[in-house]
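Notes follow once the structure below has been shown.
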Amino acid sequence: NESTFPCVLTSVANAGALGVARSVHASAIKHLGKLDVYIGNSLVSCYARCGSLEDSVLAFTSMEQKNVVSWNALICGYAQNGRAEEALAAHKRMIATGLKADNVTLLGLLFGCNHAGLVDEGYSLFKTAQREQPGILKPEHYACVVDLLSRAKRFDDAKRFLEDLPFEPGLGFWKSMIGGCLIHWNKDLAESVANRIHALDPEDTSSYILLSNVYSAVGSWKSASMIRRQIKEKGLKRITGCSWIEVQDKAHVFFNGDSKHPQSVEIYKMLEVCLDAGEDEHCLAV
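All the letters of the sequence shown, read from the start, carry residue numbers 1 to 286 under the UniProt record's numbering.
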């Protein structure tokens with residue numbers, strides 16, 4: 001029924017299974033005919049999260065009825081797929097329909113501006129919301145601005161912004177600054193911020209790793225090694241990242257350094273073939 005499909009599409013989006021998303025979409029049309037706004041919203045979001053903006057936009061434009069959630073799904077889809085300019089354009093079209101942005105809209109726009117380096121645009125959006133819709137602002141919006149300024153090497157602005165916060169900044173705010181330090185090789189500031197984080201939470205593993213990465217980036221190998229040693233001595237646990245790929249409607253998940261996949265032998269053999277081919281191409285180019 002109508003309530004089942006959004007739940008299924010959420011699970012499919014979490015798995016990033018584009019082929020399955022298309023199958024569920026076809027099944028919804030077959031069994032329901034006309035799709036309501038809730039299923040439409042789920043489709044727009046699911047396709048975007050599966051990496052197919054073309055399908056996402058098509059699902060959006062085919063919706064007879066649209067609400068704020070519909071536009072948010074489109075805007076966040078653009079933002080998450082590195083299309084910040086289109087996210088901003090969609091926001092303008094949304095406002096033109098008479099709908100007002102909410103906290104999700106703003107978060108999607110800030111995320112897009114952040115990763116596209118659109119500092120002035122993102123900061124302007126935040127200030128406009130602060131002036132006209134202060135009720136929609138959440139800690140995550142402030143955190144996005146800190147990240148936005150830090151990535152743009154505007155560390156003084158980021159520090160002033162942190163000092164003027166209407167609440168006490170959490171660990172994520174300071175880690176955003178270290179992330180900016182990593183991009184711009186600012187070792188001194190990274191050390192200062194890391195000390196602040198460790199005072200708040202001595203067992204925050206990610207801050208140690210970020211600081212170690214900053215040391216490595218600037219060539220301070222001894223300092224990087226010292227941080228790695230501290231992680232081991234303190235018994236801190238690191239959450240292993242993973243990637244996945246969809247092949248013939250099945251999602252295959254891979255963890256860093258993992259060899260437990262049933263086809264790991266074949267995978268590593270193919271990687272060797274690819275590496276050899278790449279080296280041959282390099283030799284020919286030289």
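Note that CB positions come from ideal geometry on N, CA and C, so glycine has one too.
How big is the Cα-Cα spacing for residue i and residue j?
i      : j      : result
Thr4   : Leu18  : 18 Å
Val44  : Glu64  : 13 Å
Asp157 : Gly179 : 15 Å
Ala89  : Leu189 : 36 Å
Glu266 : Ala13  : 28 Å
Cys144 : Ala277 : 41 Å
Gly135 : Ser192 : 33 Å
Ser206 : Leu35  : 43 Å
Leu271 : Val253 : 16 Å
Lys127 : Leu53  : 29 Å
Tyr208 : Lys159 : 21 Å
Cys274 : Gln263 : 17 Å
Ala21  : Gln80  : 18 Å
Ala101 : Gly51  : 24 Å
Ile29  : Asn195 : 56 Å
Leu211 : Pro6   : 41 Å
Lys269 : Lys260 : 15 Å
Cys46  : Leu9   : 6 Å
Ser150 : Arg229 : 28 Å
Leu165 : Ala129 : 15 Å
Ser42  : His141 : 24 Å
Gln133 : Glu163 : 22 Å
Ser11  : Ser27  : 16 Å
Val57  : Leu32  : 21 Å
Leu137 : Asn103 : 6 Å
Leu284 : Phe155 : For Leu284, the predicted structure reports a pLDDT of 45, less than 50, and the residue's modelled location is therefore unreliable. The matter cannot be settled from this model.
Going by beta carbon distance, what residues of the same chain come within less than 8 Å of residue i, once the five residues before and after it are set aside?
i      : result
Leu148 : Leu110, Cys113, Asn114, Val119, Gly122, Tyr123
Lys187 : Cys181, Val214, Tyr215, Val218, Ser220
By the 10 Å Cβ neighbour count, where 16 or more other Cβ atoms means buried, how is residue i classified, buried or exposed?
i           : result
residue 289 : With the chain represented from 1 up to 286, any question about residue 289 goes unanswered, as that position is not in the structure.
Met94       : buried
Gly40       : buried
Asp55       : buried
Trp71       : buried
Lys234      : exposed
Trp174      : buried
Met226      : exposed
Ile197      : buried
Leu125      : buried
Arg131      : exposed
Gly219      : exposed
Is any non-hydrogen atom of the ligand PLP found closer than 8 Å to the C-beta of residue i, if you look at the structure I gave you?
i     : result
Val44 : For the ligand PLP, the structure offers nothing, since it holds no ligand at all.
Taking a contact to mean a Cβ-Cβ separation below 9 Å, would you say residue i touches residue j in this structure?
i           : j      : result
Tyr38       : Glu86  : no
Lys153      : Ile183 : yes
residue 290 : Gly170 : Here the chain comprises residues numbered 1 to 286, so residue 290 is not present and cannot be evaluated.
Lys66       : Thr97  : yes
Gly82       : Arg49  : no
Ala59       : His91  : no
Phe161      : Val146 : yes
Ala116      : Ala73  : no
Leu99       : Val68  : yes
Here's a check: name, in chain order, each residue in its chain whose Cβ is nearer than 6 Å to the Cβ of residue i, leaving out the five neighbours to either side.
i      : result
Tyr215 : Ser223, Ala224
Lys237 : none
Near residue i, what residues of its chain come up, given a Cβ to Cβ distance below 7 Å and the 5 sequence neighbours on each side ignored?
i           : result
Trp200      : Sequence inspection shows Leu at residue 200; the Trp mentioned does not correspond to that position. Only Leu171 meet the Cβ criterion.
Ile231      : Thr205, Tyr208
Ala217      : Leu182, Trp185
Ile75       : Ala87, Ala90, His91, Thr105, Gly108, Leu109
residue 332 : What the structure shows of the chain is the stretch from 1 to 286, and residue 332 is not part of that stretch, so it cannot be assessed.
With 9 Å as the threshold, decide whether the Cβ of residue i is near any Cβ in chain B.
i      : result
Leu118 : Absent here is chain B; the protein component of the structure consists of one chain.
Residue ranges of each alpha helix (DSSP H) run of no fewer than 4 residues wholly in the segment 68 to 146, ordered along the chain? Counting only runs of 4 or more, we get 68 to 80, 84 to 96, 103 to 116, 119 to 132.
Segments of 4+ residues assigned as alpha helix (DSSP H) that fall wholly inside the segment 30 to 54: Those alpha helix (DSSP H) runs which fall completely within the segment 30 to 54 and span 4+ residues are 37 to 49.
Residue ranges of each alpha helix (DSSP H) within the segment 185 to 243, 4 or longer: Runs found: 187 to 200, 205 to 217, 221 to 234.
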